[in-house]
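Here my numbering is used: the first residue of the sequence shown is 5, the next is one more, and so on. I have placed the structure first, in the form of structure tokens, so that the comments after it can refer back to it.
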Amino acid sequence: MTKTAKPKWAPATLSEYDGIRFLHLDSIWVQGAMRIRKPQQLELEYIQRMMAWMLWRDSAELNEGHAVQLGLGAAAITRFCHKVLRMRTTAIELNPTVISACRAWFQLPENDRLLTVVNADAAEWVANAEPQQAQVLNVDLYDHEAASPVLDDEAFYAGCRALLADGGLMTVNLFGRNASFARSAVRIARVFGSDQVWSLAPTKEGNTVVVAARGVRVPERDELERRAANIEALYGGYGLPARKWLRLVRPLPLSIVEQLHHQQPAAES
Numbered sequence: 005m006t007k008t009a010k011p012k013w014a015p016a017t018l019s020e021y022d023g024i025r026f027l028h029l030d031s032i033w034v035q036g037a038m039r040i041r042k043p044q045q046l047e048l049e050y051i052q053r054m055m056a057w058m059l060w061r062d063s064a065e066l067n068e069g070h071a072v073q074l075g076l077g078a079a080a081i082t083r084f085c086h087k088v089l090r091m092r093t094t095a096i097e098l099n100p101t102v103i104s105a106c107r108a109w110f111q112l113p114e115n116d117r118l119l120t121v122v123n124a125d126a127a128e129w130v131a132n133a134e135p136q137q138a139q140v141l142n143v144d145l146y147d148h149e150a151a152s153p154v155l156d157d158e159a160f161y162a163g164c165r166a167l168l169a170d171g172g173l174m175t176v177n178l179f180g181r182n183a184s185f186a187r188s189a190v191r192i193a194r195v196f197g198s199d200q201v202w203s204l205a206p207t208k209e210g211n212t213v214v215v216a217a218r219g220v221r222v223p224e225r226d227e228l229e230r231r232a233a234n235i236e237a238l239y240g241g242y243g244l245p246a247r248k249w250l251r252l253v254r255p256l257p258l259s260i261v262e263q264l265h266h267q268q269p270a271a272e273s
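Below is the structure:
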């Protein structure tokens, strides 16, 4: 009897409930979601928080530059950056069935002048990418069981920082039963510098979003409040509660800063 070869990729499947379409990878874990009648709306709370980088950008430059997404999911961030912000947008996804599913079920357009979706390994792509090409980098990399980030070491985060232009911003989703916020935050801060890393309080599902910057000057509180109000005025209807983000943003805990004090190398310019 000939044995059937095990598929190399976890197949993408979908479910629907209450007007929302969900992406799965051969498991019960939700890999992404889209409200069918409002496809550009950011449905999942942690995906909304992945857009918190907007607080650290000047309002006049909010949607300028190149946005890179590592891990396509249901293409929510990719669609938003491409269709709503109208930024040049690049998405890197290892699993070809996810790309096919997003194009068939989640309204991901074909590549065009502003959009490039690449079927590639994120670690390899980052290592070989042109440096300082991105103003925004969103990292959401999980296997089909969503146990922990699949790329979570200093070498990877160093590549991410190298990808960012001066003033660029990265958001990272930290989630899963084997994930550790402290462990990941230390690795990120060693690369970016402890004064360039923040986090948002966890969602009720347990997702913690980390924001890391390359040489960003933190605005005064009143300027952040003006930016948050501007984001909500422009994009609140898409699911961006920016003033709530301000209440959730935290600097790195003192325990992590103390770990870094004697061992953190200075971030390269």
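Note that CB positions come from ideal geometry on N, CA and C, so glycine has one too.
In angstroms with no decimal places, state the Cα-to-Cα distance between A270 and V195. For A270, the pLDDT reaches just 49, beneath the cut-off of 50, and the residue's location in the model is therefore unreliable, leaving the point undetermined.
Determine, using beta carbons only, whether V3 and G163 come nearer to each other than 7 Å. There is simply no residue 3 to check, as the chain begins at 5 and stops at 273 in what is shown.
Could you give the C-beta distance for L98 and A126, rounded to a whole number, given that I count them as a contact under 8 Å? 7 Å
Grab me the residues of Q45's own chain with a C-beta within less than 6 Å of its C-beta, minus the 5 sequence neighbours each way, in chain order. R39, Y242 and G243
Alpha-carbon to alpha-carbon, E47 and R41: 12 Å
Can you list the alpha helix (DSSP H) stretches of 4 or more residues lying completely in the stretch 67-155, in chain order? 80-83, 100-109 and 126-132
Please identify the residue among D156, L74, E49 and L178 whose C-alpha is closest to the C-alpha of V122. L74
Starting from the C-beta of F185, find all residues in its chain whose C-beta is less than 6 Å away, skip the five residues before and the five after it, and write them out in chain order. L178 and T212
For my contact list, I103 and I81 are in at a C-beta cut-off of 8 Å; report their separation, rounded to the angstrom. So it is not a contact: roughly 15 Å between Cβ atoms.
Residues near T6 by beta carbon distance below 8 Å, same chain, minus five either side: Summary for T6: the model assigns pLDDT 49, below 50, so the residue's position carries little reliability; its value from the coordinates is reported in the next sentence. So the list is empty, once near-sequence residues are dropped.
Determine the DSSP secondary structure at V34, reduced to helix, strand or coil. strand
DSSP has E20 in a bridge; who is on the other side? R25
According to DSSP, is R254 helix, strand or coil? strand
From R107 to A16, what distance separates their C-alpha atoms? 12 Å
Only counting the same chain, and skipping five residues up and downstream in sequence, which positions put a Cβ closer than 7 Å to that of K87? Q44
Report the rounded CA-to-CA distance for I96 versus L76, giving the unit in angstroms. 7 Å
Which stretch, first to last residue, makes up the alpha helix (DSSP H) that contains V190? F185 to F196
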